[in-house]
Amino acid sequence: MNRFIALVLLLIVLLPPVVVADQAASLLRFAPLQGQLDFVQLKTVQGLPVPLRSSGYLQISADKLLWHTTAPVDSKLLISPAGVSQWQQQQYVAVAGSEFVGQLLLAVLQQQQDFILAHFQLETRQNNCLLLQPVQPPLSQLFSQIELCGQHTLEQLTLTELNGNHTDISLQPVPGTP
Numbered sequence: 165m166n167r168f169i170a171l172v173l174l175l176i177v178l179l180p181p182v183v184v185a186d187q188a189a190s191l192l193r194f195a196p197l198q199g200q201l202d203f204v205q206l207k208t209v210q211g212l213p214v215p216l217r218s219s220g221y222l223q224i225s226a227d228k229l230l231w232h233t234t235a236p237v238d239s240k241l242l243i244s245p246a247g248v249s250q251w252q253q254q255q256y257v258a259v260a261g262s263e264f265v266g267q268l269l270l271a272v273l274q275q276q277q278d279f280i281l282a283h284f285q286l287e288t289r290q291n292n293c294l295l296l297q298p299v300q301p302p303l304s305q306l307f308s309q310i311e312l313c314g315q316h317t318l319e320q321l322t323l324t325e326l327n328g329n330h331t332d333i334s335l336q337p338v339p340g341t342p
């Protein structure tokens with residue numbers, strides 16, 4: 165009987181690392197994004213009959229991301245772990261309180277496992293998708309889930325807000341870029 169209890173206790177102690185290892189392994193399906201990618205973004209807002217559409221490109225490096233929207237208006241965001249800055253009057257101007265947003269976007273696009281595992285519960289879905297569900301504020305106060313889909317790299321993101329609005333972002337590598 166003591167051996168049985170010892171075995172059960174051993175399994176209980178060992179179970180959390182196995183779950184974390186499984187979650188980390190599911191993240192490895194997507195290679196971190198680098199270089200230039202074209203994007204199309206569709207934002208579905210409650211009460212609007214059609215989604216809002218924008219497009220442009222992303223330029224991703226190890227520590228920052230340039231998000232350049234070219235249509236319907238030209239705008240640039242520089243995203244880093246320090247936060248989000250918007251291009252205004254020939255310079256980037258920091259957006260107050262955006263540090264966590266910068267960290268989140270870089271973590272998702274570059275598959276930073278430590279950040280993702282610390283802030284999300286993971287679930288592998290069909291159709292080559294991974295569902296991220298926020299486990300704590302501030303993310304759990306903004307998003308009900310983030311879905312990442314793709315074969316070997318991230319090709320589609322869907323951010324679902326608590327209010328029912330959602331944003332679908334399709335990513336396409338630009339030929340000839342790393």
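Using our numbering, read the sequence shown as starting at 165 and increasing by one per residue. Backbone N, C-alpha and C fix where the C-beta goes; we use that ideal spot for every residue, glycine too. All values reported here derive from a predicted model rather than from experimental measurement.
{"Asked": "Among V338, A258, S334, G340, the one whose alpha carbon lies nearest that of F203", "Found": "S334"}
{"Asked": "Same chain only: Cβ atoms within 6 Å of F279, ignoring 5 sequence neighbours per side", "Found": "A271"}
{"Asked": "Own chain partners of L323 with C-beta closer than 7 Å, once the 5 adjacent residues on each side are dropped", "Found": "F307, I310, H330, T331"}
{"Asked": "Same chain only: Cβ atoms within 7 Å of P302, ignoring 5 sequence neighbours per side", "Found": "F264"}
{"Asked": "C-alpha distance - L229 paired with A282, whole-angstrom precision", "Found": "22 Å"}
{"Asked": "7 Å CB neighbourhood of S218 in its chain, flanking five on each side removed", "Found": "Q205, T233, A235, P236"}
{"Asked": "Any beta strand (DSSP E) of 3 or more consecutive residues that is wholly inside the stretch 281-331", "Found": "284-289, 293-298, 307-313, 320-325"}
{"Asked": "Limits of the unbroken alpha helix (DSSP H) element including Q267", "Found": "263-273"}
{"Asked": "Buried or exposed by the 16-neighbour rule on C-beta atoms within 10 Å, applied to V248", "Found": "buried"}
{"Asked": "Inter-residue Cα distance where the pair is G266 and Q223", "Found": "14 Å"}
{"Asked": "Alpha carbon of Y221 to alpha carbon of V299, nearest angstrom", "Found": "30 Å"}
{"Asked": "Beta strand (DSSP E) segment containing R193, residue limits", "Found": "Segment: none, R193 is in no beta strand (DSSP E) and carries neither H nor E."}
{"Asked": "Cβ-Cβ separation, Q297 to F284 (assumed contact under 8 Å), whole Å", "Found": "6 Å"}
{"Asked": "Inter-residue spacing [alpha-carbon to alpha-carbon] between S262 and S244", "Found": "10 Å"}
{"Asked": "Nonlocal neighbours in the same chain, by C-beta distance under 8 Å from S364, ignoring five residues either side", "Found": "Because the chain here runs from 165 to 342, residue 364 falls outside it and cannot be looked at."}
{"Asked": "Alpha carbon of H316 to alpha carbon of N291, nearest angstrom", "Found": "12 Å"}
{"Asked": "A185 in three-state terms, based on DSSP", "Found": "Note that A185 has pLDDT 49, beneath the 50 cutoff, so the model's placement of it is unreliable and the number below is only indicative. In the structure shown, A185 sits in a helix (DSSP, three-state: H, G or I)."}
{"Asked": "Host beta strand (DSSP E) of G340 (start-end)", "Found": "From DSSP, G340 is part of no beta strand (DSSP E); its letter is neither H nor E."}
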